[in-house]
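A.B. asks: Here it is, the structure in full.
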Amino acid sequence: MFLSYQGTELKDKQRMETISYASLLRARTERELSSLLYLNSGLGSYLVVRNKNIKAKEVNDILAVLHRSSRHIRNFGVALGYRLTFVYPLKGNESAIGLYYPDQPAQWPVIKKITESGKPALAGPVQLVQGGSGLIYRVPLSIAGKHWGLLSTVIDTDSFFKTVSEELGDSRFEFAVRGKDGEGLRGDMVWGDRTLFERKQVFVQEIEIPGGSWAIGVKPRDGNAANSYALLVRLLSATLGGIISWMLYLLIRNRADLADLAMYDQLTGLPNRHLFEDRVRMAFARLRRSPDRDCALLFLDLDGFKGINDKFGHKAGDAVLTATAKRARAIVRQNDTVARWGGDEFIILMESVTRAAMEAYIHRLRVKIESPIDFEHMQLRVGVSIGFVISSETTGDLDEMLKLADQRMYEDKSSRK
68 MFLSYQGTEL KDKQRMETIS YASLLRARTE RELSSLLYLN SGLGSYLVVR NKNIKAKEVN
128 DILAVLHRSS RHIRNFGVAL GYRLTFVYPL KGNESAIGLY YPDQPAQWPV IKKITESGKP
188 ALAGPVQLVQ GGSGLIYRVP LSIAGKHWGL LSTVIDTDSF FKTVSEELGD SRFEFAVRGK
248 DGEGLRGDMV WGDRTLFERK QVFVQEIEIP GGSWAIGVKP RDGNAANSYA LLVRLLSATL
308 GGIISWMLYL LIRNRADLAD LAMYDQLTGL PNRHLFEDRV RMAFARLRRS PDRDCALLFL
368 DLDGFKGIND KFGHKAGDAV LTATAKRARA IVRQNDTVAR WGGDEFIILM ESVTRAAMEA
428 YIHRLRVKIE SPIDFEHMQL RVGVSIGFVI SSETTGDLDE MLKLADQRMY EDKSSRK
């Protein structure tokens with residue numbers, strides 16, 4: 068959005084050259100910035116998917132690849148909760164490891180704001196604990212609506228804007244940027260000579276950044292014509308950097324997809340046994356903080372599934388499993404976990420639940436799951452045996468709860484024959 072054209076009216080030719088340069092400058096700045104921010108999207112997805120299975124070496128290897136393949140980036144940081152846990156490169160940044168953001172008055176207000184909003188933001192420039200200053204792009208990471216961590220990318224301010232200027236390659240113009248922490252024209256300086264905005268013949272435009280905006284002021288150094296064609300050629304060639312960054316983004320997304328394969332059942336889309344056990348451990352941790360609230364496990368085994376699979380084939384069996392998964396998910400609450408345990412077995416984790424509520428859920432599950440399933444112009448039917456256990460009945464050990472739920476499931480199966 069163009070904000071103003073200050074000072075006395077320039078000659079038409081010079082005015083158009085200034086506007087042309089400003090437009091190219093804006094486009095180049097946005098492209099250069101996007102090429103950096105793309106990297107964070109893939110990395111953030113990877114971290115969320117890996118969750119409790121994050122391995123330090125794997126994270127550092129990925130950060131090393133990204134750091135080598137990108138320019139302007141001083142370092143990457145990954146905070147678990149609000150404590151900085153991973154930094155790459157580590158050399159020269161050792162003092163940042165273990166940093167607790169709420170104890171950093173210069174950074175905490177911005178971090179608090181983005182974690183509450185759940186939206187990424189580009190802040191700075193700020194003085195860094197590691198020394199020097201930089202722009203910091205922060206991406207809040209959450210799981211099931213709860214804050215999990217923070218991904219930070221520190222961008223070298225001088226390197227970024229000098230590269231933008233050099234690639235446009237026209238010394239007839241000068242520019243400066245203001246809008247610290249995304250506050251636009253009313254904000255403090257980001258880069259360049261602050262007096263530029265006070266001079267005559269300054270063309271000012273605003274560009275959006277994550278979490279706010281910057282105001283870029285452009286002023287001609289003299290009245291000579293700028294070679295807009297040459298600028299355009301340089302701009303187009305510079306987009307190669309964006310293409311390379313996009314390829315890196317796809318690489319990280321592929322890593323995230325592979326991690327996803329290891330955590331979810333590919334037929335039903337439900338969490339698999341490994342992810343379910345992680346969810347249970349988290350539930351037990353919450354239970355220790357609020358011991359007055361019970362959690363429960365329900366073990367489900369389909370009756371008659373093998374007969375359908377043998378008679379109508381695996382496609383019919385898959386249809387039954389998929390329908391069962393959808394029906395179970397539709398019955399329980401949004402924050403409950405339904406997982407595929409293996410074969411025709413499913414397991415459900417429910418938190419903050421009473422025995423009476425548990426019995427009501429079991430009745431609804433049985434009615435829903437045992438309803439006919441439409442498949443290729445016929446209806447398939449299965450039964451379901453259910454065993455459940457409430458945490459207060461045990462010592463809170465997962466193996467103990469699983470054993471008791473499994474035992475009760477077989478008791479239910481025997482009573483239904």
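68 is the number of the first residue of the sequence shown in our numbering; add one for each residue after it.
Cβ coordinates follow ideal geometry from the N, Cα and C atoms, glycine included.
With a cut-off of 8 Å on the beta carbons, I'd call Arg-239 and Pro-187 a contact; round off their distance for me.
C.D. replies: That belief does not hold up - the Cβ atoms of Arg-239 and Pro-187 are roughly 36 Å apart, past 8 Å.
A.B. asks: If you draw a straight line from the alpha carbon of Leu-217 to that of Tyr-149, how long is it in whole angstroms?
C.D. replies: Those two C-alpha atoms are separated by around 7 Å.
A.B. asks: In angstroms with no decimal places, state the Cα-to-Cα distance between Gln-81 and Gln-268.
C.D. replies: C-alpha separation (whole angstroms): 10 Å.
A.B. asks: By alpha-carbon positions, which one of Phe-379, Gln-171 and Tyr-204 ends up nearest to Arg-141?
C.D. replies: Out of Phe-379, Gln-171 and Tyr-204, Tyr-204 has the C-alpha closest to the C-alpha of Arg-141.
A.B. asks: Nearest-angstrom Cα distance between Asn-376 and Val-451?
C.D. replies: Whole-angstrom Cα-Cα distance: 16 Å.
A.B. asks: How would you call Arg-266, buried or exposed, if buried means at least 16 neighbouring beta carbons within 10 angstroms?
C.D. replies: Result: exposed.
A.B. asks: Confirm, please, whether the CB-CB distance from Ile-429 to Leu-367 is below 7 Å.
C.D. replies: Not closer than 7 Å, so no.
A.B. asks: Could you name the residues of the same chain whose beta carbon sits closer than 7 Å to that of Asp-385, not counting the 5 residues immediately before and after it, in chain order?
C.D. replies: Result list for Asp-385: Leu-334, in chain order.
A.B. asks: Pro-277 and Leu-104 look like a contact to me (Cβ under 8 Å); what is the Cβ gap, rounded to whole Å?
C.D. replies: Right, the Cβ-Cβ distance comes to about 7 Å (below 8 Å), so this counts as a contact.
A.B. asks: For Asn-402, does the three-state DSSP call read helix, strand or coil?
C.D. replies: In this structure, Asn-402 counts as coil in the three-state DSSP scheme.
A.B. asks: Please work out which residues of its chain come closer than 6 Å, Cβ to Cβ, to Lys-480, disregarding the five sequence neighbours upstream and downstream, and give them in chain order.
C.D. replies: Closer than 6 Å at Cβ, skipping near neighbours: Ser-452.
A.B. asks: Drop a sphere of 10 angstroms on the beta-carbon of Thr-224, count the other beta-carbons inside from all chains shown, and report buried for 16 or more, exposed for fewer.
C.D. replies: Buried.
A.B. asks: Taking the continuous alpha helix (DSSP H) assigned at Ile-203, which residues delimit it?
C.D. replies: It is not in any alpha helix (DSSP H) - Ile-203 instead sits in the beta strand (DSSP E) that spans 200-210.
A.B. asks: Using three-state DSSP, classify Ile-436 as helix, strand or coil.
C.D. replies: Helix.
A.B. asks: If you follow the beta strand (DSSP E) that His-341 is in, where does it begin and where does it stop?
C.D. replies: Segment 340-356 is the alpha helix (DSSP H) holding His-341; no beta strand (DSSP E) there.
A.B. asks: With burial defined as no fewer than 16 other Cβ atoms inside 10 Å of the residue's Cβ, what is the status of Tyr-477: buried or exposed?
C.D. replies: Tyr-477 is exposed by the Cβ-count criterion.
A.B. asks: In three-state terms, what does DSSP make of Tyr-477?
C.D. replies: Residue state, collapsed to three classes: helix.
A.B. asks: Would you tell me roughly how many angstroms separate the C-alpha atoms of Leu-328 and Ala-131, rounded to the nearest one?
C.D. replies: Bear in mind that the predicted position of Leu-328 carries a pLDDT of just 44, short of 50, making it unreliable; the figure below should be weighed with that in mind. Those two C-alpha atoms are separated by around 24 Å.
A.B. asks: Could you tell me which residues DSSP puts in a beta bridge with His-214?
C.D. replies: Per DSSP, Ser-209.
A.B. asks: DSSP three-state call for Thr-96: helix, strand or coil?
C.D. replies: Of the three classes helix, strand and coil, the one that applies to Thr-96 here is helix, per DSSP.
A.B. asks: Taking the alpha-carbon positions, what's the Leu-243 to Pro-172 distance?
C.D. replies: The sequence shown places Ala at residue 243, rather than the Leu named in the question. Near 27 Å, if we compare the C-alpha coordinates of Pro-172 and Ala-243.
A.B. asks: From which residue to which residue does the beta strand (DSSP E) around Ile-415 run?
C.D. replies: Element bounds for Ile-415: 412-418.
A.B. asks: Tell me the DSSP secondary structure of Lys-470 in three-state form.
C.D. replies: Of the three classes helix, strand and coil, the one that applies to Lys-470 here is helix, per DSSP.
A.B. asks: Starting from the C-beta of Met-256, find all residues in its chain whose C-beta is less than 6 Å away, skip the five residues before and the five after it, and write them out in chain order.
C.D. replies: Correct list, in chain order: Arg-245.
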